[in-house]
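Structure record follows, encoded as structure tokens.
Residue numbers (the working numbering): 43 to 461.
This is the structure:
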């Protein structure tokens with residue numbers, strides 16, 4: 043079945059390249075380093091092997107959320123193995139920008155190649171990693187087969203597997219089961235995730251927790267957000283990481299303006315900033331401080347979620363009002379902000395369960411209900427404060443996934459050295 047998958051992927055490559063070029067109109071990063079998508083790299087392999095110890099640890103963080111979630115683990119690996127270089131791969135332009143922002147020049151950054159046997163082979167021959175760490179749910183059949191062939195142990199870190207995703211994997215078990223069986227280990231976020239991964243073929247699965255709970259708040263950005271809110275002097279409702287069509291539904295549900303509330307909209311993908319701009323009265327890149335008459339402010343910047351959550355009184359989490367599985371709610375909980383969720387949070391099922399049980403979040407059936415609940419919270423300072431404190435305590439209580447993953451990485455590297 044992997045042969046058929048490879049044929050279909052090769053046939054799709056011209057369309058994937060056209061899509062890259064099209065997306066590059068708004069995000070130029072997609073038009074850069076195209077050769078890396080095919081496993082072709084400018085730096086010579088000898089320069090890598092002659093570098094810091096000649097042994098490299100590779101982490102794959104597909105986009106912004108994974109880049110931030112894996113940051114603490116990448117730093118922990120650097121501290122534990124200072125003689126080994128780190129390579130962090132990604133797939134999206136925003137993810138690559140985030141990696142540069144978070145790590146600077148302390149790690150190598152590259153695109154993960156397309157999942158064809160040739161591109162995978164060139165990637166592995168070039169970097170020769172001693173260990174691979176795939177963050178969350180990144181199952182690429184040819185990549186994992188190539189790692190097995192080259193003797194590279196792969197850890198699936200902070201792994202999540204919703205029931206809906208598991209059903210999809212089971213439909214293509216001839217392709218996905220061998221890939222999951224080839225993993226050296228999987229560190230699941232919850233026992234439910236672990237059970238589904240075992241059912242799909244993963245041999246060694248341990249519950250290690252969610253790396254996102256260990257993500258450090260950018261204190262400078264948070265302080266900037268609090269100062270911005272104090273200067274604004276108005277209540278702030280944050281619509282965080284919104285996806286296609288959600289902004290209009292949420293904004294339409296707002297009641298007639300009371301002359302005070304400012305709604306800040308931060309779309310999940312930067313390519314949608316211009317699409318959402320007509321719905322806003324002002325935008326951060328052009329008018330950092332909204333005028334008193336502005337009702338909707340567009341957060342059209344990347345890497346500033348800590349600013350936005352610190353500035354908010356209530357946060358509504360996007361991606362949850364369509365069948366998209368939601369977005370990260372932990373950032374708002376860590377900032378001590380009450381969270382309102384839509385019905386679709388299957389990509390963050392465990393974090394959602396924990397937040398609801400802790401009383402740090404509420405879940406509603408639709409966009410209108412989300413606005414109604416948010417307005418109730420905005421009118422009840424005592425409840426907002428209590429929910430915020432519960433969210434902060436929740437995040438503190440579930441820290442430690444980084445250390446547990448680091449311990450497993452050490453074990454896999456030792457086993458590789460012995461083998």
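Glycine included, each C-beta is placed from N, C-alpha and C at the ideal position.
Alpha carbon to alpha carbon, how far is residue j from residue i? Give it in angstroms, no decimals.
i	j	result
residue 264	residue 314	24 Å
residue 158	residue 456	30 Å
residue 95	residue 124	The pLDDT assigned to residue 95 is 44, lower than 50, so where the model puts this residue is not dependable, and the model offers no usable value.
residue 151	residue 132	8 Å
residue 439	residue 415	26 Å
residue 149	residue 233	32 Å
residue 116	residue 128	8 Å
residue 118	residue 334	45 Å
residue 62	residue 327	25 Å
residue 271	residue 110	24 Å
residue 417	residue 424	14 Å
residue 428	residue 354	15 Å
residue 245	residue 163	24 Å
residue 305	residue 200	33 Å
residue 52	residue 43	14 Å
residue 436	residue 256	12 Å
residue 156	residue 169	16 Å
residue 284	residue 58	25 Å
residue 445	residue 121	12 Å
residue 266	residue 223	47 Å
residue 240	residue 46	25 Å
residue 411	residue 253	31 Å
residue 196	residue 394	28 Å
residue 113	residue 298	42 Å
residue 171	residue 336	52 Å
residue 221	residue 247	14 Å
residue 203	residue 105	18 Å
residue 307	residue 341	6 Å
Based on the DSSP output, what are the partners of residue i in its beta bridges?
i	result
residue 23	Shown here, the chain extends from 43 to 461; a query on residue 23 therefore has no answer.
residue 281	307, 358
residue 339	306, 324
residue 197	175, 227
residue 99	128, 173
Would residue i and residue j be called neighbours here (beta carbons separated by less than 9 Å)?
i	j	result
residue 78	residue 182	no
residue 146	residue 103	no
residue 173	residue 198	no
residue 322	residue 311	no
residue 379	residue 405	no
residue 303	residue 277	yes
residue 375	residue 433	yes
residue 361	residue 367	yes
residue 292	residue 409	yes
residue 235	residue 392	yes
residue 454	residue 356	no
residue 282	residue 211	no
Check whether the Cβ of residue i lies closer than 8 Å to any heavy atom of the ligand ZN, and answer yes or no.
i	result
residue 97	Ligands in the displayed structure: none, and consequently the ligand ZN is not present.
On the three-state DSSP scale, how would you describe residue i?
i	result
residue 93	Here the model assigns residue 93 a pLDDT of 46, short of 50, so the residue's position is not dependable and the matter cannot be decided.
residue 207	helix
residue 150	strand
residue 106	helix
residue 71	helix
residue 418	helix
residue 11	The chain is shown only over 43 to 461; residue 11 falls outside these bounds and no answer can be derived.
residue 447	helix
residue 405	strand
residue 173	strand
residue 377	coil
residue 23	In this structure the chain extends from 43 to 461, so residue 23 is not present and cannot be described.
residue 182	coil
residue 383	strand
residue 59	helix
residue 292	helix
residue 140	helix
residue 266	helix
residue 363	coil
residue 370	coil
residue 158	coil
residue 440	coil
residue 425	helix
residue 259	coil
residue 331	coil
residue 112	coil
List the whole-angstrom C-beta distance separating residue i from residue j, where the pair is believed to meet the contact cut-off of C-beta under 8 Å.
i	j	result
residue 447	residue 250	6 Å
residue 101	residue 177	7 Å
residue 352	residue 268	5 Å
residue 348	residue 413	No, residue 348 and residue 413 are not in contact; Cβ-Cβ is about 24 Å, not under 8 Å.
residue 288	residue 364	7 Å
residue 371	residue 403	6 Å
residue 135	residue 71	3 Å
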